[in-house]
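For the protein sequence lines, the chains are A and B, in the order given. The numbering used here applies: residue 1 is where the first sequence begins, and numbers increase by one. The numbering used here applies: residue 1001 is where the second sequence begins, and numbers increase by one. Inspection log for the structure reproduced underneath, given as structure tokens.
There are 2 protein chains.
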Amino acid sequence: MLTDRQMMILRMIVDNYVISAEPVGSRTISKQTDLGLSAATIRNEMADLEELGYLEQPHASAGRIPSQMGYRFYVDHLLMGDTRLSGQEITRIKSLFTERIGEMERVAQQTALFLSNLTQYTAVVLGPQVYDTTLKNLQLVALNDHTAVLLMVASSGQVYNRTVSMPEGVSLREMESLVRILNARLSGTPMYRIRSRALEEITHEVARHMRDYEEAVHLLDQVVTWLESDKEGKVYLGGATNMLLQPEFRDVHKAQPVLTWLERHHDVMEALRSDESTLQLQVRIGGENDVQSLHDCSLVTATYTIGGLPVGVIGLIGPTRMDYARVIPLLGHLSKGLSDLLTKFYVN
Amino acid sequence: MLTDRQMMILRMIVDNYVISAEPVGSRTISKQTDLGLSAATIRNEMADLEELGYLEQPHASAGRIPSQMGYRFYVDHLLMGDTRLSGQEITRIKSLFTERIGEMERVAQQTALFLSNLTQYTAVVLGPQVYDTTLKNLQLVALNDHTAVLLMVASSGQVYNRTVSMPEGVSLREMESLVRILNARLSGTPMYRIRSRALEEITHEVARHMRDYEEAVHLLDQVVTWLESDKEGKVYLGGATNMLLQPEFRDVHKAQPVLTWLERHHDVMEALRSDESTLQLQVRIGGENDVQSLHDCSLVTATYTIGGLPVGVIGLIGPTRMDYARVIPLLGHLSKGLSDLLTKFYVN
DNA sequence: TGTTAGCACTCGATCGCATCGAGTGCTAAC
DNA sequence: GTTAGCACTCGATGCGATCGAGTGCTAACA
């Protein structure tokens, strides 16, 4: 176990390194501390901390930097109740969510921008994806003789749309009655059960309204498949290029993998979804990330909820040398605000 | 005016530099040409071309690179009918647009990815924005007692949605009749005329169906404002990080402004919209770009159309040392394919 | 036993300097 | 008009000297 003094030194080293991005020397700590310890004493402690695995030395004559384990200890034990957000910042966060909700799309995007602007890191927001959502309504709007738009509204308020071209031999009227039947029979059905219910209960009824049985079944199948298909939430990025501001990514070859990974929204989603748990806040430091490209990064995520159910994730990606003391409470407040807003709207 | 030989040399220099990204020397050209000219002769011609402004010398003892003017001449006069796409590539482009259209969103995104993968540059796609589009249909789907989703389908097939919270004192039924009236009176109206027509013709009728006149007018105003509000097309990027692959952007400080600019979708849109003209293809080389951040880049854009009307833009951004000979016909084919697909769907 | 001053040592960063070589411009000859 | 020859330029590369921040170790001190 670490002594109080060691903890204090570790903490100071992290705090310093987070700001300066340069190895921290014993003299620096000695001057900042008010315990009146000399650099030599600090040096001894630092050597011990290194031996214990909390610190590293880039090269023999340099200062120390925190190891992954050092950051982990810092986050887990040295940050208790240490909120470095100014009161001003907290009110600013709150005010972000007072306005109308409008389009969820916009809320997510703005949250990402807000986060990245405030932190100089890269923000990631996973749009809400409600698992126990039900089908609310289906609409067909004809554009012309052979094309129509199929609209689907989920109970969570999400809207999905798809342009369909009418199959040969199916009239608009037939299509409309198909949709009417689906609406009557399926609204209220959980999304994941749509397919089975549709095939069990409705095939025959649909077929009755259409001349071509084969075509009817085929069409129904297509529509239903789409309805149930994975409507994976979207990924919203903010400040991806902030990555380039960080000294550790000044070299293009360091930055490239991360930025490229960020471009593959599907992978990003997968990585973040896995953190979407009842655990409100997750911190993954360096190698703790499963994703290879993030081994030099830290990922801090918070889950937001609707009516207590986790539906999405907001997060920040930066170098392992991240300002955890600011980032963690920031994400906490923000996810709280977002959850409250969404709950107010969509629960009742 | 340039002699044939000068043109040929200029052309070879551009072709070489595009590939190697290194200044081209006289010996290189001399060996590649089959006219049997010595390096010295080439050198004389190169000196002339430089004096005329078509070439530049990074420093005294280096080879030549094309100037902005050189690229311009190359694009305008040396590229006639020079299609360097393989037959395979052309069929691949065509096959990209044979499938169902599904969601326009996806088509745009995939086009961007396809373009960036094929070229190693950054692709930009401006989602379709139809100016003379009309209102097709309006739908209100209630989610619960105080929240509903308002859907709008435009004649171009685009779908816009917005979550609205019911104002105090307005019942769902009132809201529904408002939407019914709007549908009856406004469908078929050009988007830009919605506001004036609504205010002129409908206010009274709406008020008749609602208890609170003030509230009715206010609500109508809100909805109508949203309907007419600028539904600006979205921007889809592909391969933004490809920028970092280019030697000229190996230095983070060179790449950062461009990537940051690309993140501001609104600015990107503005820049590309201005190229959306009857002119099918636009090439903006280096300083020809109005945007300061693109002064070291070239932007090649092609307009795509629906039924002959320009509605969107696809483009590629790369270093001025861009492979115009490939990029230009590529964008040509792609915009053609996209136009055909969209026209087939949405015109009738 | 913990703390500290002193000191030799390490090692990256920076600078100057020599070298190398691709490529040029110029001149004179063909 | 073309070309061979040649001196010259200038970035790139490599090497060694120097500098300095920071260390580890030792010995003295409280």
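Where is the CB? At the ideal position from N, CA and C, for every residue including glycine. Owing to the predicted nature of the structure, the values given are computational and were not obtained by experimental measurement.
Only exposed fits T98 of chain A, as fewer than 16 other CB atoms lie within 10 angstroms of its CB. A60 of chain A counts as exposed, since fewer than 16 other C-beta atoms from the protein chains shown sit within 10 angstroms of its C-beta. By the 16-neighbour rule on beta-carbons within 10 angstroms, I1065 of chain B is buried.
When Cβ-Cβ separations below 8 Å define contact, R173 of chain A makes no contact with chain B. Of all residues in the region 151-183 of chain A, the ones placed with a Cβ closer than 7 Å to any Cβ belonging to chain B are L151, V153, S155, G157, V159, N161, R162, T163 and S165, in chain order. Scanning chain A for C-beta atoms nearer than 8 Å to the C-beta of R1250 of chain B yields V252, reported in chain order. For T225 of chain A, no beta strand (DSSP E) segment is defined; the enclosing uninterrupted segment is the alpha helix (DSSP H) at Y213 to E228.
At a cut-off of 8 Å between C-beta atoms, G1102 of chain B counts as an interface residue with respect to chain A.
Think of a sphere of 8 Å around the beta carbon of L244 of chain A: the chain B residues whose beta carbon falls inside it are V1252, A1255, Q1256 and L1259, in chain order. For a cut-off of 8 Å, the C-beta gap from P128 of chain A to S156 of chain A is around 7 Å, short enough to register as a contact.
In the DSSP assignment, the residues bridged to S298 of chain A are A:I285 and A:G318. Excluding five sequence positions before and after G287 of chain A, the CB atoms of its chain that fall closer than 7 Å to its own CB belong to Q68 and H295, given in chain order. Taking 7 Å as the cut-off between beta carbons, the residues of the region 118-137 of chain A near chain B are K136 and N137, in sequence order. In this model, Y1054 of chain B and T1003 of chain B are separated by some 13 Å (Cα to Cα). When DSSP states are grouped into helix, strand and coil, M1152 of chain B belongs to the strand group. Using a Cβ distance threshold of 8 Å, L1272 of chain B and L1126 of chain B count as a contacting pair. Taking C-beta separations shorter than 7 Å and ignoring five residues to either side along the sequence, the partners of A325 of chain A in its chain run L79, D82 and R84, following chain order. Of the residues assessed, P58 of chain A falls on the exposed side of the cut-off, its CB having fewer than 16 other CB atoms within 10 angstroms. Within the same chain, Cβ atoms closer than 6 Å to the Cβ of V18 of chain A are found at R321 and D323, the five residues on either side in sequence being excluded.
For the beta strand (DSSP E) assignment, the region 8-57 of chain A encloses no uninterrupted run of at least 3 residues. In this structure M1 of chain A is exposed. Its beta-carbon is surrounded by fewer than 16 other beta-carbon atoms within 10 angstroms.
What F1345 of chain B touches in chain A, judged by beta-carbon distance under 7 Å, is T147, T163 and S165, going in chain order.
In the displayed model, A123 of chain A falls within a strand according to three-state DSSP. The region 1226-1237 of chain B and the region 220-238 of chain A do not touch, with fewer than three beta-carbon pairs separated by less than 8 Å.
The beta carbon of V1141 of chain B falls within 8 Å of a beta carbon belonging to chain A, placing the residue at that interface. R1195 of chain B has its alpha-carbon roughly 7 Å from the corresponding atom of E1228 of chain B.
Residue environment analysis places D1076 of chain B among the exposed positions, since fewer than 16 neighbouring C-beta atoms fall within 10 angstroms of its C-beta. In this structure, the beta-carbon distance from S177 of chain A to H209 of chain A falls below 8 Å. With respect to the 8 Å criterion, G1239 of chain B and A1123 of chain B are classified as neighbours on the basis of their beta carbons. Looking at the DSSP output, V1179 of chain B shares a beta bridge with no other residue.
Around the Cβ of Q282 of chain A, a 10 Å sphere holds 16 or more other Cβ atoms; the residue is buried.
A direct Cα-Cα distance of roughly 15 Å separates L1037 of chain B from A1047 of chain B. The C-beta distance from Y121 of chain A to L341 of chain A rounds to 23 Å, too long to fall under 8 Å, and the pair is not in contact. For S171 of chain A, the secondary structure class from DSSP, reduced to helix, strand or coil, is coil. For R197 of chain A, same chain residues with a beta-carbon under 7 Å away, outside a window of 5 residues either side, are L186 and T189 in chain order.
M1175 of chain B is positioned such that its CB atom lies closer than 8 Å to that of L1140 of chain B.
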